[in-house]
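Okay, so here's the structure we're looking at.
Protein chains in written order, with the working numbering: chain A, 1 to 284; chain B, 1 to 117.
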């Protein structure tokens, strides 16, 4: 009797445990509905415009900025990087295919061979190394310029991250999800505290964006980074932004392209599936 | 009974004196508390709260007004500043005391200042 009871109880526990973990599809549906209900007037693709989708005045300022976008020069630089042959005569097309508009939409993705999340930046540097070239720095400069060009070429296509039915891929997704919702740093803030609980609210003068649509415009040109750069280059990658965010909550940032940030990018980008790629973007 | 009264007498007296003292916060202390509250690397209250006299306040938290009616018990206000997640684990407010963002003395000064609003 006792045995049966234990068996029943443990079966019950197992059942509860499996129910507690929702599938990526369920997460995505809930995530999207949450923002759509919270901001009923905002069109799905407009969530990719961050704070400018939520405030009329900010939007007007941004639209005037977009008339002569400060990232344009860097898109051109990226195009040049794409077209310039390596010393061995090959070019990025030998790694990514001839059509630069078909690159961005493939990232991030799960690589079943290496059992890890692969990012665009990771493959850019892999391509350089395989061709005997020196890899780019991870967070800004050439890697962001090339990313800006590939994003620009892919504009209008939709984010389509696939989470394969592979326990290791789901584990990576879960780690990214946990990262997004876990409080961290001396200030004890989770990504979700600001971008799920309080989007549309202000921290000082800055309007918090929605978690939905946060990755579609990367790499980004930030006025803040422009001011800090001696050469005025405000471009940066998603992992540069992650590191900055973590530093602001007084947590020790992880390295760009660390497993933690790649898995965060996997979850974070999946949450914007179906939204238009609008990279590179401009932000304050 | 008399024993108990004798024992409690000095304690009660000390408590009374403490109460009288605690209601009288010097202008210098209030100013020091305000400075910590407004300092971006210290209390940084304005990031989320409106405070009269502060520029560019955020609006995540409630405006800090009428604090005495919202927190009749000043200790509860101090506890909220020290660690808001004790009452609500999901609170976005940084635990200024628990995570040692401010020292205990600084928490006292900020509490006195906020309580005066």
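In this text, a Cβ means the ideal position worked out from N, Cα and C, and glycines have one as well.
Of the listed residues A:205, A:175 and A:64, nearest to residue 258 of chain A (C-alpha basis): A:175
In this structure, how does DSSP classify residue 221 of chain A when only helix, strand and coil are distinguished? strand
Which residues in the same chain have their Cβ closer than 8 Å to the Cβ of residue 81 of chain A, if we skip the five residues on either side of it in sequence? 92, 142, 145, 146 and 149
Helix, strand or coil for residue 276 of chain A? Go by DSSP, reduced to three states. The answer is strand: DSSP assigns residue 276 of chain A an E or B state.
Could you give the distance in angstroms between the alpha-carbon of residue 62 of chain A and the alpha-carbon of residue 104 of chain B? Rounded to whole angstroms, the separation of the alpha carbons of residue 104 of chain B and residue 62 of chain A is 43 Å.
Name the chain B residues whose beta carbon is nearer than 8 Å to that of residue 203 of chain A? 47, 48, 58 and 60
Check the Cβ of residue 65 of chain B against every Cβ in chain A and list those closer than 8 Å, keeping chain order. Neighbours of residue 65 of chain B on chain A: none; closest Cβ ~18 Å, over 8 Å.
Cα-Cα separation between residue 152 of chain A and residue 218 of chain A, rounded to whole angstroms: If you take the alpha carbons of residue 152 of chain A and residue 218 of chain A, they lie about 10 Å apart.
Endpoints, the beta strand (DSSP E) within which residue 156 of chain A is located: Run containing residue 156 of chain A: none; DSSP gives neither H nor E here.
Shorter than 7 Å from the beta carbon of residue 284 of chain A to some beta carbon of chain B? no
Whole angstroms are fine: how far does the CA of residue 104 of chain A sit from the CA of residue 240 of chain A? Pairing residue 240 of chain A with residue 104 of chain A, the inter-Cα distance amounts to about 18 Å.
Would residue 90 of chain B be called buried (16 or more neighbouring beta carbons within 10 Å of its own) or exposed? exposed
Could you give the distance in angstroms between the alpha-carbon of residue 190 of chain A and the alpha-carbon of residue 267 of chain A? Cα-Cα distance, rounded: 15 Å.
Start-to-end residues for the beta strand (DSSP E) that takes in residue 27 of chain A: Note, residue 27 of chain A: premise wrong, no beta strand (DSSP E); alpha helix (DSSP H) at 24 to 38.
Out of curiosity, what's the CA-to-CA distance linking residue 47 of chain A and residue 214 of chain A? 8 Å
Coil, strand or helix - residue 138 of chain A by DSSP: coil
Beta-carbon gap between residue 48 of chain B and residue 60 of chain B smaller than 7 Å: A contact, by the Cβ cut-off of 7 Å.
Tell me which residues of the segment 173 to 205 of chain A have at least one Cβ-Cβ distance to chain B shorter than 9 Å, keeping chain order. 183, 185, 186, 187, 188, 189, 190, 193, 194, 197, 198, 201, 202, 203, 204 and 205
In whole angstroms, give me the CA-to-CA distance for residue 126 of chain A and residue 80 of chain B. Those two C-alpha atoms are separated by around 50 Å.
Should residue 92 of chain B be labelled buried (16 or more other beta-carbon atoms within 10 Å of its own) or exposed? With 16 or more Cβ atoms within 10 Å of its Cβ, residue 92 of chain B is classed as buried.
Stretch pair the segment 48 to 55 of chain A + the segment 267 to 282 of chain A: three plus CB contacts closer than 8 Å: yes
Mind pulling the chain A residues with CB within less than 7 Å of residue 95 of chain B? 188
Have a look at residue 116 of chain B and residue 38 of chain B and give me their C-alpha separation to the nearest angstrom. 15 Å
CB contact check: residue 92 of chain B to chain A, cutoff 7 Å: yes
Could you give the uninterrupted runs of the alpha helix (DSSP H) lying entirely in the segment 41 to 94 of chain A, keeping only those of 4 residues or more? Counting only runs of 4 or more, we get 56 to 65 and 72 to 83.
Taking only beta carbons into account, state which residues of the segment 98 to 116 of chain B come closer than 9 Å to chain A, listed in chain order. 98, 99, 100 and 101
Since residue 33 of chain B is in the alpha helix (DSSP H), which residue starts that stretch and which ends it? 27 to 38
Looking at the secondary structure, which residues open and close the beta strand (DSSP E) in which residue 283 of chain A lies? 281 to 283
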